[in-house]
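Under the numbering used here, think of the first position of the sequence shown as 1209, with each following residue one higher.
For each residue, glycine too, the CB sits at the ideal point set by N, CA and C.
Given the structure is predicted, the values throughout are model-derived calculations rather than measurements.
Worksheet for the structure shown next.
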Amino acid sequence: MRTRRIVRGATVVALALSTAGCAGAAAGEADGPPTTGEPTTTAAPPTTSAVADERAVLDAYQALWHTYEAVAEAPLDPGPGFEQVATGDALAAMEQRLDYLRNTKLVAGLPPDSRTEHRASVESIGGDSATVVDCAIDDGILYDSLTGEVWDDDVVTRLYRVTVVRTADGWRTSHLAIDAEWDGISGCDA
1209 MRTRRIVRGA
1219 TVVALALSTA
1229 GCAGAAAGEA
1239 DGPPTTGEPT
1249 TTAAPPTTSA
1259 VADERAVLDA
1269 YQALWHTYEA
1279 VAEAPLDPGP
1289 GFEQVATGDA
1299 LAAMEQRLDY
1309 LRNTKLVAGL
1319 PPDSRTEHRA
1329 SVESIGGDSA
1339 TVVDCAIDDG
1349 ILYDSLTGEV
1359 WDDDVVTRLY
1369 RVTVVRTADG
1379 WRTSHLAIDA
1389 EWDGISGCDA
């Protein structure tokens, strides 16, 4: 019988920042600079503040999973609070997961050869809100803290769409949604 899966955060979070690719010349166009003598323009590199915001957004999202990891390994111990890293729907969801672990006496852990990771990138930042897309591999193990019985050791890959908002105390994850889920390890491109 399959039980409800508790999502595990990675010990090491791999962050893949979006990069722009270069396209080749279209059919019938010559390679190289234009011959009309007109000036060419290129996109300006991101500003220092845009790069800093992107880094802060990704750090805030990573902090959510680090906090979850610490709490899930010892849910009965007082530890870091989710209010430091989450707000809104995400805060309520994480507190609900913690309550579930406490009430069922379950704990989460990683296998010795874990492949758990988060490949997150910032899709957009607009004002005080950012969207993060995360391809997350979860091979965490959920087991009974009293008997050691394994409740769930399925490996899944999830594609998350996440909202991170700027608060008075910095960026906080405010909403997590699973756009897709695959059994096993996937590249999130299916």
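Euclidean distance between Cα positions of residue i and residue j
i, j, result
"Tyr1269", "Asp1352", "28 Å"
"Tyr1368", "Asp1297", "14 Å"
"Gly1392", "Arg1327", "16 Å"
"Leu1284", "Thr1255", "44 Å"
"Ala1385", "Thr1355", "33 Å"
"Ser1322", "Asp1347", "6 Å"
"Thr1400", "Asn1311", "Residue coverage of the chain in this structure runs from 1209 to 1398, which leaves residue 1400 outside it and unanswerable."
"Gln1304", "Ala1280", "12 Å"
"Asp1336", "Glu1277", "27 Å"
"Glu1357", "Trp1390", "25 Å"
"Ser1226", "Ser1329", "Legend: pLDDT at Ser1226 = 23, less than 50; position of this residue unreliable, value from coordinates given subsequently. Roughly 6 Å separates the two Cα atoms."
"Glu1331", "Val1341", "6 Å"
"Asp1362", "His1274", "21 Å"
"Ala1300", "His1383", "10 Å"
Residue range of the beta strand (DSSP E) that includes residue i
i, result
"Val1358", "1358 to 1360"
"Gly1296", "No beta strand (DSSP E) contains Gly1296, which is instead part of the alpha helix (DSSP H) from 1296 to 1312."
"Glu1325", "1325 to 1334"
"Asp1352", "1349 to 1352"
Residue i, DSSP secondary structure in three states
i, result
"Thr1256", "helix"
"Thr1344", "For clarity, residue 1344 is Ala in the given sequence; the question names Thr instead. It is a strand residue."
"Ser1382", "strand"
"Ala1280", "helix"
"Thr1355", "coil"
"Val1364", "strand"
"Thr1243", "Here Thr1243 scores only 39 on pLDDT, less than 50, and its place in the model should not be relied on; the value that follows carries that caveat. Coil."
"Val1265", "helix"
"Ala1218", "Interpretation of Ala1218 is limited by its pLDDT of 31, a score under 50 that renders its predicted location unreliable; the figure taken from the coordinates is listed afterwards. In the structure shown, Ala1218 sits in coil (DSSP, three-state: anything other than H, G, I, E or B)."
"Ala1316", "strand"
"Ala1376", "coil"
"Glu1291", "helix"
Contact under 8 Å by Cβ, residue i with residue j
i, j, result
"Leu1309", "Trp1359", "no"
"Ile1333", "Asp1387", "no"
"Gly1317", "Ile1345", "no"
"Cys1343", "Thr1365", "yes"
"Val1293", "Leu1272", "yes"
"Ala1264", "Gly1378", "yes"
Just checking, does the segment 1259 to 1269 make contact with the segment 1369 to 1376 on the three C-beta pairs under 8 Å criterion? When C-beta atoms of the segment 1259 to 1269 are compared with those of the segment 1369 to 1376, three or more pairs fall below 8 Å, so the two segments count as touching.
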